[in-house]
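Asker: Heads up: the sequence lines are chains A and B, in that order. Our numbering puts the first residue of the first sequence at -12, with every later residue one more than the last. Our numbering puts the first residue of the second sequence at -12, with every later residue one more than the last.
2 protein chains.
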Amino acid sequence: MNEYIKKLKCLGDETRIRILKLLITVNKELCVCEIVDSLKIQTYTISKHIKELKNAGILKESRRGKFIFYSLILNEDNFSENVINLINSLPDAYFSDDILMMNKRLSRRETDSCATGLSDKGDDK
Amino acid sequence: MNEYIKKLKCLGDETRIRILKLLITVNKELCVCEIVDSLKIQTYTISKHIKELKNAGILKESRRGKFIFYSLILNEDNFSENVINLINSLPDAYFSDDILMMNKRLSRRETDSCATGLSDKGDDK
DNA sequence: TCGACATTTGCATATATGTGCAAATATACT
DNA sequence: AGTATATTTGCACATATATGCAAATGTCGA
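(1) With a cut-off of 8 Å, do at least 3 Cβ pairs link the region 1 to 11 of chain B to the region 7 to 21 of chain A?
(2) Beta-carbon of M88 (chain B) versus every beta-carbon of chain A: anything under 8 Å?
(3) Can you tell me where the alpha helix (DSSP H) with F113 (chain A) in it begins and where it stops?
(4) For D24 (chain B), count neighbouring C-beta atoms within 10 Å of its own C-beta (all shown protein chains included) and say buried if the count is 16 or more, exposed if not.
(5) For a quick check, are the C-beta atoms of F56 (chain A) and L26 (chain A) less than 8 Å apart?
(6) Using 8 Å as the threshold, is the C-beta distance between L46 (chain B) and L59 (chain B) below it?
(7) Please report the distance separating the alpha-carbon of I172 (chain B) from that of I22 (chain B).
(8) G(-1) (chain B) and G(-1) (chain A) look like a contact to me (Cβ under 8 Å); what is the Cβ gap, rounded to whole Å?
(9) List the whole-angstrom C-beta distance separating N(-11) (chain A) from L73 (chain B), where the pair is believed to meet the contact cut-off of C-beta under 8 Å.
(10) For K(-7) (chain A), verify whether its CB is less than 7 Å away from any heavy atom of the ligand SAH.
(11) Between which two residues does the beta strand (DSSP E) carrying E16 (chain A) extend?
(12) Among the residues of its own chain, which have a CB less than 8 Å from the CB of K41 (chain B), if the five just before and after it don't count?
(13) Counting only the same chain and skipping the five closest in sequence on each side, list residues whose C-beta sits under 8 Å from that of L(-5) (chain A).
(14) Between the C-alpha atoms of L87 (chain B) and R95 (chain B), what's the straight-line distance to the nearest angstrom?
(15) Quick one: is I22 (chain A) near chain B, going by C-beta distance under 8 Å?
(16) Tell me whether D84 (chain B) is buried or exposed, calling it buried when 16 or more other Cβ atoms sit within 10 Å of its Cβ.
(17) Quick check: the Cα distance between E63 (chain A) and I6 (chain A), rounded to an integer number of angstroms?
(18) Which term fits Y(-9) (chain A), buried or exposed, when burial requires 16 or more other beta carbons within 10 angstroms of its beta carbon?
(19) Between I4 (chain B) and V19 (chain B), how many whole angstroms is the CB-CB distance? I'm expecting something under 8 Å.
(20) Under 8 Å between C-beta atoms, does T12 (chain B) make it to chain A?
(21) What did DSSP end up calling K91 (chain B) once you bin it into helix, strand or coil?
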């Protein structure tokens, strides 16, 4: 049971829920800097929360060059699906700013990869 | 969002999940001593976990005489339902002993001291 | 009121967790 | 090699949490 409790414990933090909501919404990999820009939270804070989500078996990573992309691990059992349903049952209003920011950030992707060097936050907000 | 995060945080503990699983399974009120007997965990430990579940708005209490009965709060939103689905998607094996004990304990409701509060359980709200 | 029972609470302690900063690692480019 | 970018990690600190015991509270019935 510990495996599941670890996952559940991970859901008890606002930042981690916000990260998960982004990944659920966009339904693809996001790199750390994209998550940072979307949530406007320090990189090392995001990094540490992602690490926990990874340790709990909720996220997987894949490095491509300088970037590390994270995405949800979707298992066969109903558990993953129910986690997603649970998060999706939270009021959208809590996440609207995050999603807006994420879409803005993702629109700057040139290929299917993170838009290098474009995370200078002054130009088009 | 804090209200929901508090609830999610509550789900990150094995004892609390086991308590919730009992309540979901039996689908009625349980008194503290019945939960204690089912899970074989100290009364004060159960009491404290129940207190957190209550503070998070997951459980409600109703005192009848010496006994305090607890049951799930079911809200209109999908959240409650999804919490239940999530807990129900955990492997039954983790809870089989608990459920067995609970059924054993509940079958004594008519004869046991704890059953005094239960003889009039027809008015369950 | 007293005693028995059911449950909660206060206190102590050990452990876990979140956050911030600085430094470290990893990779790409020149 | 040296620099820039992306991300992680180690350390420190404050706060939160779980647990155990003893004592307190609330309720019933004699």
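Ideal Cβ placement from N, Cα and C applies to all residues, glycine included. Computed from a predicted structure; not experimentally measured.
Answerer: Considering the structure as presented:
(1) no
(2) no
(3) Missing from the structure shown is residue 113 (chain A); chain A here goes from -12 to 112 and no further.
(4) buried
(5) no
(6) yes
(7) Since the first residue of chain B shown is -12 and the last is 112, residue 172 (chain B) is not available in this structure.
(8) 5 Å
(9) Not confirmed; about 16 Å, so no contact.
(10) In the structure shown, the ligand SAH is absent, as is every other ligand, since no ligand is present at all.
(11) E16 (chain A) -> no beta strand (DSSP E), and no H or E assigned at all.
(12) K47, E48, Y57
(13) none
(14) 13 Å
(15) no
(16) exposed
(17) 22 Å
(18) buried
(19) About 17 Å; that fails the 8 Å criterion.
(20) no
(21) helix
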